[in-house]
Amino acid sequence: MTHYQKSKVFLHLATLLCAVGSISGECEISQCSDPSTCVLSQRRTCKCAVGYFGDLCDQVATMNVTCGKDFISILVDEEFFKYYNVGIEAVHLTNASCHAHREEISGSTYFTVHTPMDQYTACGGKPLEKNITHIVYSLTLMSDPPIYGNIVRDPVVQIEYKCIYPYIRRLSLAFPIISFSSERMFKVKEVDAKVEMSLFKDHTYTEAFTSAPTIKLGDQIYVQIQVTEPEDFFHLKVNECWATQTPKANDKSGFSHTLLVNGCTNDKTTSFGNGTAHPEGRNGEGSTVRYSFDMFRFVYEPHSFYLHCAVHLCTPEDGKSCIPECKTVSKREVVMDEQAQGLLSYGPIRRELPVRPTISMFM
């Protein structure tokens, strides 16, 4: 095993991801004598078994698939394509615009394609296969189909490869341990996901409040909503956020104040991100959303309030449709999977009263 192959094996084990693939190629019928390396179909056609090529199907096709958190890539030995007289310009995924390029690693040359998750569907990825524990992504690397006169046959080279991602599952407790954060379990397309809302003490988002926060008027409140399980898989969109005087999100008996509408800010002091130019925490762009707003109080008591946020989970193939459009006056309406939506509530958030000076009188 080469150093490159060893590093690939280590990567698969380290990330706990699985990859499988199959290669189909024609061979000489008269030379097909070993059923473990070649397959005859009614003595009319011969195809090399998975992983083999050549007239005798005696050459091993080196293939490596990497299943990353936000990408899938494949490397195939150039010798395999040379045998079939297929150049790099003719190799691509189902969508021909997602083409391969040549890469040299440790003295060997490979044809490779790197597919980000948000381009999976656009590049011709097959519909996701799901069950209660895993989700399977399938892509096909192929060559341009040969043209015979005015007809086209199947591509000479077709390589199907898959990545199988496991899910971390956790059951909700009937009587959960109460910590000062809001947690909710979602089930999205048979997948359990856990979302958490917390308030932090400053813009670094390093120290969360561990009890009901007390904040001065005018100071900023830093909110983080995050998909904690499974990590770095779903994208999170915060659709609406509002404050009420009671723990009930839809209570009409008291006052309310709206912070976010249709994923966009509705309060002039509200902004997304972590306070820097870096996109971390932006709405719909990852598994974590961060926003801040200035502390306020309601005119009439109770002055403390509860924060409520309606959120939506997006799968990787949803891509940019998860990101709200906030530059135009009219916001587009997107049809959403009801399973992927939920409500989180946090509070109470109390106002810190100013310290009044005491006056001493001496008689």
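As numbered in mature numbering (1 follows the signal peptide of the UniProt record, and there is no 0), residues -25 to -1, 1 to 338 make up the sequence shown, in order.
Ideal Cβ positions, reconstructed from N, Cα and C, are used throughout, including at glycine.
For the pair Cys289 and Cys301, the CB atoms are not nearer than the 9 Å cut-off. Going by C-alpha positions, Tyr321 is about 5 Å away from Leu282. Residue burial annotation: Lys212 is buried, with at least 16 other C-beta atoms found within 10 angstroms of its C-beta. In the DSSP assignment, Lys22 falls within the beta strand (DSSP E) that extends over Thr20 to Cys23.
Going by DSSP, Glu53 is part of the alpha helix (DSSP H) stretching over Glu53 to Tyr58.
Looking at the DSSP output, Gly317 shares a beta bridge with Val286. For Glu292, there is no enclosing beta strand (DSSP E), as DSSP marks it with neither H nor E. The DSSP-derived three-state label of Ser262 is coil. Two segments are said to touch when three or more pairs of C-beta atoms, one from each, lie closer than 8 Å; by this definition the region 62 to 75 touches the region 101 to 120. Scanning Ile4, Ser48 and Arg326 for the CA closest to the CA of Gln220 turns up Arg326.
Taking every protein chain shown into account, the CB of Val274 has fewer than 16 other CB atoms within 10 angstroms, so this residue is exposed. Under the DSSP assignment, Leu114 falls in the beta strand (DSSP E) whose first and last residues are His109 to Ser118. From the listed residues Pro10, Ile4, Gln6 and Asn214, the smallest Cα separation to Arg265 is found for Asn214. For the pair of segments examined, the region 170 to 180 was found not to touch the region 97 to 107: the number of CB pairs separated by less than 8 Å stays below three. About 5 Å separates the Cβ atoms of Phe268 and Thr244, confirming a contact at the 8 Å cut-off. Burial of Gly259 is indicated by the presence of at least 16 other C-beta atoms within 10 angstroms of its C-beta. Assignment of Ile63 by DSSP, reduced to helix, strand and coil, places it in the helix class. One Cα belongs to Ser8, the other to Phe86, and the distance between them is close to 30 Å. For Asn225, there is no enclosing beta strand (DSSP E), as DSSP marks it with neither H nor E.
Between Met38 and Ile47 the beta-carbon gap is near 13 Å, outside 8 Å, which marks them as no contact. Between the C-alpha atoms of Trp217 and Val88 there is a straight-line separation of about 45 Å. The beta carbon of Leu31 is closer than 6 Å to those of Gln6 in its chain, skipping five residues each way along the sequence. Ile139 and Asn60 have their alpha carbons spaced roughly 32 Å apart.
In the displayed model, Ile298 falls within coil according to three-state DSSP, outside both helix and strand.
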